[in-house]
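In full-length UniProt numbering, the protein residues as written are 1 to 577.
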């Protein structure tokens, strides 16, 4: 059936047809035509954020919590450029979002018109694909293509930039349109020969490890991963983007690898003779100095994106395919090829796990250790809660001291490391999962970048809970200044002797409940009080010691063999061990 309508009406109708129920955005001149039919939509809820960056991160949080495509909308020029950071963030972490932006009228494009910016050109390196639409007739097809590209293959952000005259023009609308993507054919089925080769290496290995990344979660393959791990009895490590994809409580779990990973996880990689990388990037935060990474290991690397395979570390067995299908095929092949004897390997790794468990220092003055806050939050809120972290020390403590038993319950900015991510992403996650408890874990630095979205949460009825780990500093930068810059704390002190701002008063000003906790003995009661409030957002100001540090640590650019569990201590092992 064909109907005559404006391009703006076609846009809203197309969004309804692809199943969009929530859009985060802010109106402005170039996108304004789209907001008129959006006003009448009974299927699409528009959430008026307070900054376009918040719209983008909210779309990310929504996407990560639901598995659906998140949607954000902005006007041309500064509205569109304010989306650049969340678009880049989504690109790095393979988050499916569609960003819809208004553009100046097609006749004015390239003339430096008011609020004109070449957002297609700006975002070309950080989108999976982007479109500039100047013909109203192309809008429905472009929306269908955008959602298809964002959600298939390796997920990622897609930008749809629409000129104002295309939104205003009349067009014939029909659904479904015919997609025109002749060059887009993501491979999902792995090659059987490569699967057999991987199974053969597993059978021959004596020190294998399953190195699990976000691609396994994106593929919905946590159940298959558990089956493969238990079948092979191989140790498992989960990256920052895969926390919860394999249960923390499982005896085969060695922890998180990387710069602030557990000794057992880092050791598993360094001492392995075979690394089976599933949905991972072999990024610098995991490998450390690449030339010294896992020197004795052969590599099986499976990923849906062929560009990732052998990008950083050469793969002896490259496997292109969806991780769910790869792991399923591996289960069958391993059952035929058999498994190795890993007795000595488990003795070594369990020795690391027992000798070097994650721990932290308590302070003689009785001030609050942030790691303790994480432990108690984990125990009280439980494993069904969604935890959404910003970036910095608090992110690492959240990854270390909260127990993740369910896939997708830890949402954070991994690849780009975007300060200000937590509050709007938690808002998006809560809107996508209104039945779930959502805790944002933020630092006082991150919180001040996007806390204006508390207003959105209060007005829209989104009762997230926020734990501000307040050490009065840009904590991770201060830690580096302590370790590498002779304690020269240049521009990392966020407060003097006064609380500026007072986060409790700030929360109250935004229509939220504000709480403060400064002593260990008050932590449980404070968390429980926050858990009892479910009608408005809650901000808890956890005032922690400014000198708390994240350990273990592999300094940037150094070998994983140099991992230390505390300052001024020798590395845990020698590279020749």
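Yeah, the Cβ is synthetic: ideal placement off N, Cα and C, and Gly gets one too.
Neighbourhood of residue i by C-beta, 6 Å cutoff - its chain only, sequence neighbours within 5 removed
| i | result |
| --- | --- |
| residue 259 | 285, 554 |
| residue 234 | 208, 210 |
| residue 397 | 370, 371, 374 |
| residue 20 | 44, 71 |
Distance CB(residue i)-CB(residue j) smaller than 8 Å
| i | j | result |
| --- | --- | --- |
| residue 101 | residue 31 | yes |
| residue 373 | residue 513 | no |
| residue 36 | residue 8 | yes |
| residue 244 | residue 503 | no |
| residue 299 | residue 279 | no |
| residue 217 | residue 382 | no |
| residue 219 | residue 324 | yes |
| residue 400 | residue 443 | no |
| residue 16 | residue 43 | yes |
| residue 254 | residue 193 | no |
| residue 265 | residue 304 | no |
| residue 433 | residue 65 | yes |
| residue 120 | residue 165 | no |
| residue 98 | residue 49 | no |
| residue 327 | residue 221 | yes |
| residue 22 | residue 56 | no |
| residue 527 | residue 380 | yes |
Exposed unless 16 or more other CB atoms sit within 10 angstroms - verdict on residue i
| i | result |
| --- | --- |
| residue 189 | exposed |
| residue 11 | buried |
| residue 600 | Only positions 1 to 577 of the chain appear in the structure, and residue 600 is not among them; the question remains open. |
| residue 548 | buried |
| residue 156 | buried |
| residue 270 | buried |
| residue 141 | buried |
| residue 247 | buried |
| residue 485 | exposed |
| residue 542 | buried |
| residue 224 | buried |
| residue 584 | In the structure as shown, the chain starts at 1 and stops at 577, and residue 584 therefore has no counterpart that could be examined. |
| residue 250 | exposed |
| residue 530 | buried |
Nearest candidate by alpha-carbon position, reference residue i, set the options
| i | options | result |
| --- | --- | --- |
| residue 468 | 519, 539, 484 | 539 |
| residue 412 | 241, 479, 353 | 241 |
| residue 610 | 392, 80, 267 | Nothing can be reported for residue 610: it is not among the residues displayed for the chain, which extend from 1 to 577. |
| residue 181 | 55, 485, 152, 195 | 152 |
| residue 506 | 426, 453, 246, 556 | 453 |
| residue 296 | 283, 274, 93 | 274 |
| residue 511 | 527, 34, 456, 520 | 456 |
| residue 533 | 463, 551, 508, 543 | 463 |
| residue 261 | 358, 345, 222 | 358 |
| residue 81 | 136, 122, 314 | 122 |
| residue 109 | 138, 420, 76, 127 | 76 |
| residue 551 | 445, 347, 568 | 568 |
| residue 312 | 169, 322, 321, 292 | 292 |
| residue 128 | 470, 154, 136, 424 | 154 |
| residue 445 | 466, 425, 470 | 470 |
| residue 572 | 355, 257, 499 | 355 |
| residue 465 | 479, 481, 430 | 430 |
| residue 440 | 185, 423, 448, 47 | 423 |
| residue 545 | 479, 508, 460, 314 | 479 |
Reduced DSSP secondary structure (H/G/I, E/B, other) of residue i
| i | result |
| --- | --- |
| residue 130 | strand |
| residue 596 | In this structure the chain extends from 1 to 577, so residue 596 is not present and cannot be described. |
| residue 68 | coil |
| residue 560 | helix |
| residue 251 | coil |
| residue 152 | coil |
| residue 542 | strand |
| residue 333 | helix |
| residue 259 | coil |
| residue 429 | helix |
| residue 439 | strand |
| residue 163 | strand |
| residue 421 | coil |
| residue 5 | strand |
| residue 62 | helix |
| residue 370 | helix |
| residue 277 | strand |
| residue 56 | helix |
Cβ-based neighbour list, residue i, same chain, cut-off 7 Å, excluding 5 preceding and 5 following
| i | result |
| --- | --- |
| residue 495 | 472 |
| residue 402 | 374, 377, 378, 387 |
| residue 288 | 554, 558, 559, 560 |
| residue 294 | 269, 270, 272, 275 |
Cutoff 8 Å; reference residue i; Cβ partners in own chain excluding five residues on either side
| i | result |
| --- | --- |
| residue 334 | 199, 202, 203, 228, 231, 232 |
| residue 196 | 333, 337 |
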